[in-house]
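Novice: The structure that follows is given in the form of structure tokens.
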Amino acid sequence: MEKRNVTSLSLILVVLILVGIIFASRIDFSTQSKKVLWKERPLKENAPKVDKFKRPDSFVELIKREKPAVVNISTTQVLSPKKFHPWENRDRGGNPNPFDDFFDKFFEDMPKSDLKRQSLGSGFIISNDGYILTNNHVIENATKIKVTLSDGREYEAKVIGRDPKTDIALIKISSNGSLPVAYLGDSDKVEVGEWVVAIGNPFGLGQTVTAGIVSAKGRVIGIGNYDNFIQTDASINPGNSGGPLFDISGEVVGINTAIVASGQGIGFATPINMAKEILKSLKEEGSVTRGWLGVNIQQVDETIAKTFNLKDTKGALVGDIIADTPAEKAGIKRGDVILEFNGKKVDSYHDLPRIVASTKIGSVVDVILMRNGETKVLKVQVEELKDDLIIKSSTQVTDKLGLTVTEVDSLEERRSNTPPEGVLIKGVRKGSLAEENDLRVGDVILEINKEKLTNVKDYEMALKKIEKNNHVIMLIKREGRTFFASIKLR
Numbered sequence: 001m002e003k004r005n006v007t008s009l010s011l012i013l014v015v016l017i018l019v020g021i022i023f024a025s026r027i028d029f030s031t032q033s034k035k036v037l038w039k040e041r042p043l044k045e046n047a048p049k050v051d052k053f054k055r056p057d058s059f060v061e062l063i064k065r066e067k068p069a070v071v072n073i074s075t076t077q078v079l080s081p082k083k084f085h086p087w088e089n090r091d092r093g094g095n096p097n098p099f100d101d102f103f104d105k106f107f108e109d110m111p112k113s114d115l116k117r118q119s120l121g122s123g124f125i126i127s128n129d130g131y132i133l134t135n136n137h138v139i140e141n142a143t144k145i146k147v148t149l150s151d152g153r154e155y156e157a158k159v160i161g162r163d164p165k166t167d168i169a170l171i172k173i174s175s176n177g178s179l180p181v182a183y184l185g186d187s188d189k190v191e192v193g194e195w196v197v198a199i200g201n202p203f204g205l206g207q208t209v210t211a212g213i214v215s216a217k218g219r220v221i222g223i224g225n226y227d228n229f230i231q232t233d234a235s236i237n238p239g240n241s242g243g244p245l246f247d248i249s250g251e252v253v254g255i256n257t258a259i260v261a262s263g264q265g266i267g268f269a270t271p272i273n274m275a276k277e278i279l280k281s282l283k284e285e286g287s288v289t290r291g292w293l294g295v296n297i298q299q300v301d302e303t304i305a306k307t308f309n310l311k312d313t314k315g316a317l318v319g320d321i322i323a324d325t326p327a328e329k330a331g332i333k334r335g336d337v338i339l340e341f342n343g344k345k346v347d348s349y350h351d352l353p354r355i356v357a358s359t360k361i362g363s364v365v366d367v368i369l370m371r372n373g374e375t376k377v378l379k380v381q382v383e384e385l386k387d388d389l390i391i392k393s394s395t396q397v398t399d400k401l402g403l404t405v406t407e408v409d410s411l412e413e414r415r416s417n418t419p420p421e422g423v424l425i426k427g428v429r430k431g432s433l434a435e436e437n438d439l440r441v442g443d444v445i446l447e448i449n450k451e452k453l454t455n456v457k458d459y460e461m462a463l464k465k466i467e468k469n470n471h472v473i474m475l476i477k478r479e480g481r482t483f484f485a486s487i488k489l490r
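Under the working numbering, the residue at position 259 of the sequence shown is numbered 259, and the numbers go up by one with no gaps.
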């Protein structure tokens with residue numbers, strides 16, 4: 001009897017141990033499956049609920065907690081004398097500076113050895129084992145990266161991954177796993193008017209703290225296709241780049257990225273959720289792959305909405321379709337207005353590139369669009385994003401818009417024996433409607449109010465049909481892409 005009891009007890013213990021192992025295993029596997037590179041504040045550590053819109057009496061406790069995770073970054077870049085000038089030798093379009101020859105001669109007697117250029121920035125630690133988030137432009141082309149912690153410890157860092165399109169980079173320093181980390185928050189929950197704190201290394205002065213409010217969200221400042229900045233009046237200066245923007249609970253909601261050089265109190269931070277989306281790719285692959293649709297798009301304004309029978313200005317207007325792309329294969333057409341992609345609303349045309357980029361490559365998704373006043377649903381298979389006109393002597397005409405136009409021909413059309421499209425803008429009169437609406441020499445006008453143009457005569461006839469005080473909707477081709485321009489006659 002005693003032996004049976006002992007046996008039963010042993011069986012019970014074995015079962016309990018097995019259940020415990022299975023339960024523990026489930027917890028462990030679950031944790032591993034959800035494991036991410038960064039850290040978020042555990043629920044048990046959440047501070048009492050704070051009023052985001054009420055200025056705290058002091059930021060002292062927040063700074064004491066979060067400052068250790070913020071780092072200063074110093075980079076060295078080796079430049080050959082041939083490529084070195086104390087200024088950029090190319091304009092933003094990559095074109096040679098006309099003064100290059102002059103300065104090359106002026107500096108021809110300089111030492112021929114390599115030259116070193118140093119720059120400063122900021123970053124913040126996101127894992128105990130030394131992963132650090134910063135801006136791509138802080139470490140781009142660096143031959144050496146030095147990271148200094150708030151306690152003075154210095155490390156040499158290596159680049160793990162870079163994404164120039166969002167200006168985000170991931171670097172790493174060696175660590176025994178005990179480094180302080182900054183908790184990442186949810187930038188989607190950030191609201192205009194709430195308090196934020198920036199920590200960084202402005203002008204190389206060392207760690208500096210500034211505070212302000214969120215001035216705006218979703219700012220597009222022309223840096224790239226994925227602009228979606230948080231605007232703040234917390235002071236952000238050269239050297240702050242790559243540093244964290246904290247909310248008042250001490251969670252990172254943005255990466256300080258850009259400033260308006262000509263203004264004060266205007267800084268921009270990349271939303272931290274944008275970084276979260278690509279961190280796995282940066283760590284594992286060193287770069288980011290994105291989905292691609294193959295359209296050139298533009299904003300829908302009130303005039304365009306009225307012309308295309310739209311009820312509001314939401315969506316992205318398709319100005320052009322690139323040949324042999326997912327968009328063309330799916331049947332998307334020029335003039336379509338994309339309202340939804342893969343279940344996500346396209347409120348502004350700036351939303352579409354971000355939504356498409358984050359869509360899984362190879363997936364087939366629904367695209368909801370408006371075409372000629374009707375709603376259509378198309379299927380599109382997302383592909384991976386992979387990174388010349390000749391003037392034909394002919395009749396010229398200057399019109400009431402202030403444009404001088406002429407016939408146009410292209411090499412491609414000439415080879416394929418297809419008729420030329422549009423008229424070429426050869427001149428823009430100063431102070432004219434055309435200049436006010438940013439039409440430029442070299443632009444090609446393909447359509448006026450949906451009427452296709454093949455020559456100057458078509459252009460003149462189309463303009464004659466338009467009465468005073470009415471709008472002209474032009475389809476313009478510029479540098480290989482097309483878009484719509486809206487001009488009100490007067």
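Just so you know, even glycine gets a beta-carbon here, dropped at the ideal spot from N, CA and C.
From a predicted model like this one, the values you see are computed outputs, not experimental measurements.
(1) Just to confirm, are residue 379 and residue 356 a CB contact at a threshold of 9 Å?
(2) By the three-class DSSP mapping on this structure, what secondary structure does residue 454 have?
(3) Starting from the Cα of residue 198, find the closest Cα among 270, 136, 128, 188 and give me that residue.
(4) Could you tell me the distance, in whole angstroms, from the CA atom of residue 272 to the CA atom of residue 184?
(5) Could you give the uninterrupted runs of the alpha helix (DSSP H) lying entirely in the region 323-409, keeping only those of 4 residues or more?
(6) Rounded to whole angstroms, how far is the Cβ of residue 252 from the Cβ of residue 232, which I believe are closer than 8 Å?
(7) Is the region 171-189 close to the region 297-304, with three or more CB pairs under 8 Å?
(8) How about residue 489 and residue 400: do their beta carbons lie closer than 9 Å?
(9) So, does the region 280-296 touch the region 237-252, judging by three or more C-beta pairs under 8 Å?
(10) Which of helix, strand or coil does DSSP assign to residue 212?
(11) Do the region 198-213 and the region 158-168 meet, that is, are 3 or more Cβ pairs less than 8 Å apart?
(12) Can you tell me whether residue 234 is helix, strand or coil according to DSSP?
(13) Please classify residue 153 as buried or exposed, where buried requires at least 16 other C-beta atoms within 10 Å of its C-beta.
(14) Keeping to the same chain, check which residues put their C-beta closer than 8 Å to that of residue 480; ignore five residues upstream and five downstream.
(15) Kindly list the residues whose CB is nearer than 6 Å to the CB of residue 148, restricted to its own chain and excluding five residues on each side of it in sequence; keep chain order.
(16) Residue 136 by DSSP, collapsed to three states: which one?
(17) Looking only at DSSP bridge pairs, what is residue 291 linked to?
(18) Measuring only the C-alpha atoms, how far is residue 191 from residue 242?
(19) Can you check which of these residues, 151, 404, 116, 352, is closest to residue 342 by C-alpha distance?
(20) In whole angstroms, what is the alpha-carbon distance linking residue 384 and residue 294?
(21) Under three-state DSSP, which class holds residue 71?
(22) Quick check on the DSSP output: the alpha helix (DSSP H) that includes residue 65 runs from which residue to which?
(23) I need the boundaries of the beta strand (DSSP E) containing residue 302, first residue and last residue.
(24) Look at residue 550 and residue 370 and say whether their C-beta atoms are less than 9 Å apart.
(25) Beta-carbon separation of residue 181 and residue 235 under 9 Å?
(26) Tell me the DSSP secondary structure of residue 473 in three-state form.
(27) Do the CB positions of residue 446 and residue 482 come within less than 9 Å of each other?
(28) Quick one: Cα of residue 471 to Cα of residue 227, how far?
Specialist: This is what the structure holds:
(1) no
(2) coil
(3) 270
(4) 7 Å
(5) 326-330, 351-357
(6) Wrong, their Cβ atoms sit about 13 Å apart, outside the cutoff.
(7) no
(8) yes
(9) no
(10) strand
(11) no
(12) coil
(13) exposed
(14) none
(15) 72, 154
(16) helix
(17) 384
(18) 22 Å
(19) 352
(20) 10 Å
(21) strand
(22) 60-66
(23) Run containing residue 302: none in the beta strand (DSSP E); it sits in the alpha helix (DSSP H), 302-307.
(24) Nothing about residue 550 can be reported from this structure: the residues present for the chain run from 1 to 490 only.
(25) no
(26) strand
(27) yes
(28) 30 Å
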